[in-house]
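Have a look at the structure below, then the notes.
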Amino acid sequence: MRSIFFYVFTILLLQPVFGQFNIDEESVEITFRFESKDVNGSISGFDSSSTIDFEDLDNSSFKGSVMAKTIETGNSIRDWSLKRSKYFNADDYPRLYFESSSVYRSEGSASYTVKGNLTLKGIVKPITWKFVKDGNTLVGTTTLFSSDFGINIKKKRADNKVKVKLTARLKQ
């Protein structure tokens, strides 16, 4: 009887570790930092059809989008300006899209690299995310240049550097 209890208990403990996961859309937080202007912000309205299988990463995919009109920097005038045609053009391009092309384990068993394409204002560019899994939470970071997507805040490309962080809970 004790051994049956042990096996059942072990299976219940391991259940959240194996199998396919999806991203809990309600839990997602996306923040960014525009380095040269010392501006922090967030963007929301996350929608995802990602499927993540940590035991079979070749069959995993990250696919999601956010709403451009939800950008917030703590300054309502700046937020209004960023949504206009000169920057994000939220009326003509209401969503930013990401779709992975490869997912693989890196730098240890809890670290993952996700390569794919970001579409912003109709411009598609490759980006690489670095994710760390901690329990049922994924934390990912990437760096991009807003000028690559026609959002020229500063004249030099290097001065348009944006660091992005995504935090999400996983669900089965």
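The sequence shown finishes on residue 209 if you use the numbering used here, and the numbering steps up by one all the way, no holes.
Beta carbons: idealized from backbone N, C-alpha and C, even for Gly.
Residues near residue i in its chain [Cβ-Cβ closer than 6 Å; skip 5 each side]
{"i": "K223", "result": "The requested residue 223 does not occur in the structure, where the chain is confined to residues 38 to 209."}
{"i": "D61", "result": "R206, K208"}
{"i": "I89", "result": "F58, S97"}
{"i": "I164", "result": "L155, T179, L181"}
{"i": "K200", "result": "R70, T180"}
{"i": "K123", "result": "none"}
{"i": "N77", "result": "R70"}
{"i": "K202", "result": "T68, T178"}
{"i": "E66", "result": "T204"}
Residues near residue i by beta carbon distance below 7 Å, same chain, minus five either side
{"i": "S139", "result": "K152"}
{"i": "I108", "result": "G78, I80, D116, L119, K120, F125"}
{"i": "I160", "result": "F186, G187"}
{"i": "R194", "result": "F182, S184"}
{"i": "F43", "result": "Residue placement at F43 cannot be trusted, given a pLDDT of 43 that sits under 50; what the coordinates show is reported in the next sentence. Within the same chain, F43 has no close Cβ partners at all."}
From the options, residue whose alpha carbon lies closest to that of residue i
{"i": "K167", "options": "G159, V176, V161, I160", "result": "V176"}
{"i": "K100", "options": "I67, S184, S87, G82", "result": "S87"}
{"i": "G172", "options": "F91, E109, S79", "result": "F91"}
{"i": "T150", "options": "L133, S137, L157", "result": "S137"}
{"i": "L94", "options": "N112, S143, V103", "result": "S143"}
{"i": "D196", "options": "G56, S73, E63", "result": "S73"}
{"i": "P131", "options": "T110, G56, K106", "result": "K106"}
Beta bridge counterpart(s) of residue i as assigned by DSSP
{"i": "R142", "result": "Y149"}
{"i": "S137", "result": "G153"}
{"i": "E62", "result": "Its beta-bridge partners do not exist; DSSP assigns none."}
Element boundaries [alpha helix (DSSP H), containing residue i]
{"i": "I114", "result": "113-120"}
Limits of the unbroken beta strand (DSSP E) element including residue i
{"i": "N126", "result": "Here N126 belongs to no beta strand (DSSP E), and DSSP marks it neither H nor E."}
Residues near residue i by beta carbon distance below 8 Å, same chain, minus five either side
{"i": "L49", "result": "For L49, the predicted structure reports a pLDDT of 40, less than 50, and the residue's modelled location is therefore unreliable. The matter cannot be settled from this model."}
Completely contained alpha helix (DSSP H) runs for the region 66-105, where each covers 4 or more residues = Entirely contained in the region 66-105, not one alpha helix (DSSP H) run reaches 4 residues.
task = Could you pull out every unbroken alpha helix (DSSP H) segment of at least 4 residues lying fully inside the region 144-209, listed in chain order?
result = none
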